[in-house]
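Just so you know, the protein sequences line up as chains Y and A, in that order.
Heads up, the first sequence is in the working numbering, so the first residue is 1 and it goes up one at a time.
Heads up, the second sequence is in the working numbering, so the first residue is 1001 and it goes up one at a time.
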Amino acid sequence: MTTSDDPDRRNVLKAGAVTLGAAAFARAVAPVTEWVDGLSVDGFLQKHYKELSKEEMNDILRRHEQKTADEYGREVQIQDVRPIPGVQFAYALNLSICIGCRKCAEACHQENNHDRRTNNSYIRVLEMTQGSLDLAHGNPNYDHPVPQPGKYYMPVQCHQCDNAPCVKVCPIEATWKEPDGIVVVDYDWCIGCRYCEAACPYHARRFNWTKPEIPADEINPDQAYLSNRIRPQGVMEKCTFCLHRTRKGRLPACLEACPTGARVFGNLADPDSEIRWVLENKRVFVLKEDAGTQPRFFYFFDV
Amino acid sequence: MSPALLLLVACDRGFSDPDRAFAAPIEGPPTYATTIVAPTTLGVVDTSRTDVHGTPIGVGCATCHGPDPSQAWAATPGEPFHTGVSLRHGNNTCDHCHDPADRTRLHLADGTSIEMGAAIQLCAQCHGKQYTNYQHGAHGGMNGYWDLRQGPRTRNHCVVCHAPHDPAIPVVSPVLPPHDRYLEPPHDHL
């Protein structure tokens, strides 16, 4: 008679259990092994942006530069551009002279390495009826000569709110407000839940549904970790007031592209700045003031 | 530590390496200048003819209306040669802005003769609000640096954007809009 103490039977059972266990483990870790193509071990173990030392940050920047070279065939420079002490950014837009040409949206598209297929941009220009501020009836898809009689044009982009709903809803602190007022996203930390997209009352956030497609010769090689480096698939992105430019003292790309000078950008903390003159001398307003978001983006009309 | 306090600490995440938090401060007053891109000569009038390569032939205004007495022709608005110049600028005629004594120069309302490049003064006589906005950076495009401590800036002169004879910004075709998923009509979910 054979019992469970039979050494042969025990060994067979053991071997079977080990095989099953190994198979189950392989199945369980399959997603991790499958990730390896798109995500390195270093990337998987990367710490939160604010916990990185300078050396760790440098390693990450070099890794991303290498990845861009491998995947897009372009040598780029990615920097970790930090805020200038004592600078508080704000933006104002003169609706009386905006003609709705979308040059700003185009400049954003090129500057920020947006996906060419979707013609993505952080700026959406609404064609509005004169006398109305009803955003729900603003038409962002107009495709006729501008300006049309009886219409005005309202470009909308991230308002870099001081009380930003998008930051509050992020479950993992992948997005936060920087000391100079810019709300940023760490694309390496974002899990793509899109809560922030839903929370933003200005529809200012965009989601990378696909891996961005950009020809190598059209890539802007002047990149920053928190702004215009090429985003991976499945993460949120947003306007950063071109922080890779503005934190080095340059004007945002959308402002330089504006043919009428409707855009005013500068340092709120400098009493002699253009933005301060506009805020002190024009009747400025913000969108959806009742939402309590305290935007850093102001609109005004010439009166 | 209570869980609520832990959460509060977690939400207020500072930099582990404080040296990474900010860039180097920028000290001192603005040292860079703002340059205004100003045309300093008379323009070119289109003759509606092309050369053998199909390139439009233009004739410089100063060819006829130069400083030399032999070129001091009075410009006549109705003359066929001037049909390419459409004057749609209020009720102005040539001599309201151009100096009749020297066609390479302009003159202010009080008769003071000024250089072509100083035309902003002339424009500002009537367009004071725009000039005020312009002086404060709230009208007319600019390029370069918002921070004159870090780099220079260039600004457009009035006539870079506004043709002086026909200053209204022309109607243009806009750049195509983004294919924005949010803007697409809702799909039928299966």
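Beta carbons are placed, not taken as given, at the ideal position from N, Cα and C, and that holds for glycine.
Owing to the predicted nature of the structure, the values given are computational and were not obtained by experimental measurement.
- Task: Taking only beta-carbon positions, decide if glutamine 1121(A) is within less than 8 Å of chain Y.
- Result: On the second sequence, position 121 is the one that residue 1121(A) refers to. Taking CB atoms only, glutamine 1121(A) has no neighbour in chain Y less than 8 Å away.
- Task: Starting from the C-beta of glutamate 75(Y), find all residues in its chain whose C-beta is less than 7 Å away, skip the five residues before and the five after it, and write them out in chain order.
- Result: Within the first sequence, the letter at position 75 stands for residue 75(Y). Hits under 7 Å: Ala69 and Pro221.
- Item | Chain-ordered neighbours of tyrosine 1145(A) on chain Y, where CB pairs are closer than 9 Å | Taking the first residue of the second sequence as 1, we reach residue 1145(A) at position 145. Contact note: tyrosine 1145(A) reaches chain Y through Lys248, Gly249, Arg250 and Leu251, using a C-beta cutoff of 9 Å and chain order.
- Query: So, does the CB of tryptophan 277(Y) fall closer than 8 Å to a CB anywhere in chain A?
  - Reply: By one-based count along the first sequence, residue 277(Y) stands at place 277. Yes, tryptophan 277(Y) lies at the interface with chain A (some Cβ there is under 8 Å from its Cβ).
- Nearest to phenylalanine 301(Y) by alpha carbon, out of Asp290(Y), Glu289(Y), Pro295(Y) and Asn281(Y)? The count along the first sequence starts at 1 and reaches residue 301(Y) at position 301. Residue Asn281(Y) holds the alpha-carbon nearest to the alpha-carbon of phenylalanine 301(Y) among Asp290(Y), Glu289(Y), Pro295(Y) and Asn281(Y).
- Give the C-beta separation of cysteine 158(Y) and cysteine 196(Y) to the nearest angstrom, bearing in mind that I take them to be a contact with Cβ-Cβ under 8 Å. The count along the first sequence starts at 1 and reaches residue 158(Y) at position 158. The count along the first sequence starts at 1 and reaches residue 196(Y) at position 196. Between cysteine 158(Y) and cysteine 196(Y) the beta-carbon gap is near 11 Å, outside 8 Å, which marks them as no contact.
- Item | glutamate 274(Y) vs histidine 1157(A) beta-carbon contact at 8 Å | Translated into the one-based positions of the first sequence, residue 274(Y) becomes position 274. Translated into the one-based positions of the second sequence, residue 1157(A) becomes position 157. No. Outside cutoff.
- If you measure from the beta carbon of aspartate 1166(A) to each beta carbon in chain B, is any gap under 8 Å? Protein chains in the displayed structure are Y and A, and chain B is not among them.
- Item | N- and C-terminal bounds of the alpha helix (DSSP H) containing proline 165(Y) | If you number the first sequence from 1, residue 165(Y) lands on position 165. Per DSSP, proline 165(Y) belongs to the alpha helix (DSSP H) from 165 to 169.
- Message: Which residues in chain Y have a C-beta closer than 9 Å to the C-beta of arginine 1149(A)? List them in chain order.
- Response: What you label residue 1149(A) is simply residue 149 of the second sequence in a count that begins at 1. Under the 9 Å cutoff, chain Y gives Gly249.
- DSSP on aspartate 8(Y), reduced to helix/strand/coil? Against the first sequence, residue 8(Y) aligns to sequence position 8. Three-state result, aspartate 8(Y): helix.
- Task: Counting only the same chain and skipping the five closest in sequence on each side, list residues whose C-beta sits under 8 Å from that of isoleucine 78(Y).
- Result: In the first sequence, the residue the question calls residue 78(Y) occupies position 78. Leu61, His64, Glu65, Thr68, Gln223, Ala224, Tyr225 and Arg229, listed in sequence order.
- Task: Specify, as a first and last residue, the run of the alpha helix (DSSP H) that alanine 1095(A) falls within.
- Result: Residue 1095(A) sits at position 95 when you count from the first residue of the second sequence. Just to set this straight, residue 1095(A) is aspartate in the shown sequence, not alanine. Run containing aspartate 1095(A): 1094 to 1097, per the alpha helix (DSSP H) assignment.
- Query: Does any residue of chain A bring its CB to less than 8 Å from the CB of cysteine 101(Y)?
  - Reply: Here residue 101(Y) corresponds to residue number 101 of the first sequence, with the count starting at 1. Under the Cβ distance rule, cysteine 101(Y) counts among the residues neighbouring chain A, one pair being separated by less than 8 Å.
- Message: So valine 1028(A) and arginine 1153(A) are supposed to be a Cβ contact under 8 Å. How far apart are they, rounded?
- Response: Position 28 of the second sequence, counting from 1, holds the residue named residue 1028(A). Position 153 of the second sequence, counting from 1, holds the residue named residue 1153(A). Per the sequence shown, the amino acid found at residue 1028(A) is glycine instead of valine. Not confirmed; about 17 Å, so no contact.
- Query: Since asparagine 1143(A) is in the beta strand (DSSP E), which residue starts that stretch and which ends it?
  - Reply: Sequence index remark: in the second sequence, residue 1143(A) carries index 143 (1-based). Element bounds for asparagine 1143(A): 1142 to 1144.
- Looking only at C-alpha atoms, which of Phe1015(A), Thr1041(A) and Ile1036(A) sits nearest to alanine 1062(A)? The residue you call residue 1062(A) lines up with position 62 of the second sequence. Nearest of Phe1015(A), Thr1041(A) and Ile1036(A) to alanine 1062(A), Cα basis: Thr1041(A).
- Item | Whole-angstrom distance between aspartate 188(Y) and glutamine 46(Y), CA atom to CA atom | Locating residue 46(Y) in the first sequence gives position 46, where the first residue counts as 1. Locating residue 188(Y) in the first sequence gives position 188, where the first residue counts as 1. Rounded to whole angstroms, glutamine 46(Y) to aspartate 188(Y) spans 8 Å at the Cα level.
- Under 9 Å Cβ-Cβ, which residues of chain Y neighbour histidine 1157(A)? Translated into positions along the second sequence, residue 1157(A) becomes position 157. Listed along the chain, the chain Y residues whose CB falls inside 9 Å of the CB of histidine 1157(A) amount to none; the nearest CB is some 12 Å away.
- Message: Give me the chain A residues within the contact set of aspartate 302(Y), using Cβ-Cβ distance strictly less than 8 Å, ordered along the chain.
- Response: Numbered from its first residue, the first sequence carries residue 302(Y) at position 302. Chain order gives the chain A residues near aspartate 302(Y) as Lys1129 and Asn1133, where near means a beta carbon separation below 8 Å.
- Query: In whole angstroms, what is the alpha-carbon distance linking leucine 1008(A) and glycine 1014(A)?
  - Reply: By 1-based counting over the second sequence, the position of residue 1008(A) is 8. By 1-based counting over the second sequence, the position of residue 1014(A) is 14. The pLDDT assigned to leucine 1008(A) is 47, lower than 50, so where the model puts this residue is not dependable; a value taken from the coordinates is nonetheless given after this. Going by the C-alpha atoms only, they are around 12 Å apart.
- Query: Considering only the beta carbon of each residue, do valine 125(Y) and glycine 100(Y) sit closer than 8 Å?
  - Reply: Residue 125(Y) sits at position 125 when you count from the first residue of the first sequence. Residue 100(Y) sits at position 100 when you count from the first residue of the first sequence. Yes.
- Task: Measure the beta-carbon distance from proline 1177(A) to aspartate 143(Y) and round it to whole angstroms, keeping in mind my assumption that it falls under 8 Å.
- Result: Locating residue 1177(A) in the second sequence gives position 177, where the first residue counts as 1. Locating residue 143(Y) in the first sequence gives position 143, where the first residue counts as 1. Indeed they touch by this definition, with Cβ atoms about 7 Å apart.
- Out of Cys166(Y), Ala26(Y) and Leu133(Y), state which residue places its alpha-carbon closest to the alpha-carbon of methionine 236(Y). In the first sequence, counting from the first residue as 1, residue 236(Y) sits at position 236. Proximity to methionine 236(Y) across Cys166(Y), Ala26(Y) and Leu133(Y) peaks at Cys166(Y), based on C-alpha coordinates.
- Item | Identity of the residue in Val1172(A), Arg1155(A) and Ala1138(A) nearest glutamine 307(Y) by Cα | No answer is possible for residue 307(Y): it lies beyond the span of chain Y, which begins at 1 and ends at 303.
- Message: Quick check: the Cα distance between alanine 1024(A) and isoleucine 84(Y), rounded to an integer number of angstroms?
- Response: As a working mapping, residue 1024(A) is identified with position 24 in the second sequence. As a working mapping, residue 84(Y) is identified with position 84 in the first sequence. Cα to Cα, alanine 1024(A) sits roughly 7 Å from isoleucine 84(Y).
- Where glycine 131(Y) falls: helix, strand or coil (DSSP): Within the first sequence, the letter at position 131 stands for residue 131(Y). Three-state DSSP puts glycine 131(Y) in coil, outside helix and strand.
- alanine 92(Y) classed as buried or exposed, judged by whether at least 16 other C-beta atoms fall within 10 angstroms: Mapped onto the first sequence, residue 92(Y) falls at position 92. With 16 or more other Cβ atoms within 10 Å, it is buried.
- Item | Buried or exposed (CB count within 10 angstroms, at least 16 for buried), alanine 253(Y) | Position 253 of the first sequence, counted from the first residue, corresponds to residue 253(Y). Counting the other CB atoms within 10 Å of its CB gives alanine 253(Y) a total of 16 or more, which places it among the buried residues.
- Query: Whose CA, out of Leu243(Y), Gly292(Y), Ala24(Y) and Phe241(Y), lies closest to the CA of alanine 164(Y)?
  - Reply: As a first step, residue 164(Y) is located in the first sequence; it is residue number 164 there, counting from the start. Nearest C-alpha to alanine 164(Y): Gly292(Y).
- Query: Of all the CB atoms in chain A, is at least one closer than 8 Å to the CB of tryptophan 189(Y)?
  - Reply: Here residue 189(Y) refers to the residue found at position 189 when the first sequence is read from its first residue. Residue contact check for tryptophan 189(Y) against chain A: no CB pair falls below 8 Å.
- What residue does the beta strand (DSSP E) around phenylalanine 89(Y) start on, and which one ends it? Translated into positions along the first sequence, residue 89(Y) becomes position 89. Here the beta strand (DSSP E) through phenylalanine 89(Y) covers 89 to 94.
- For alanine 1109(A), name the three-state secondary structure that DSSP assigns. Within the second sequence, the letter at position 109 stands for residue 1109(A). Reduced to three states, the DSSP call for alanine 1109(A) is coil.
- What residues from chain A crowd round proline 259(Y), counting only those whose CB sits closer than 7 Å? Position 259 of the first sequence holds residue 259(Y). Going along chain A in sequence order, the residues near proline 259(Y) (Cβ under 7 Å) are Gly1141 and Cys1161.
- Under a CB-based cut-off of 8 Å, is serine 227(Y) close to chain A? To locate residue 227(Y), count along the first sequence from 1; it is residue 227. So, not an interface residue.
- Since isoleucine 1120(A) is in the alpha helix (DSSP H), which residue starts that stretch and which ends it? Taking the first residue of the second sequence as position 1, residue 1120(A) is located at position 120. Start and end: 1119 to 1124.
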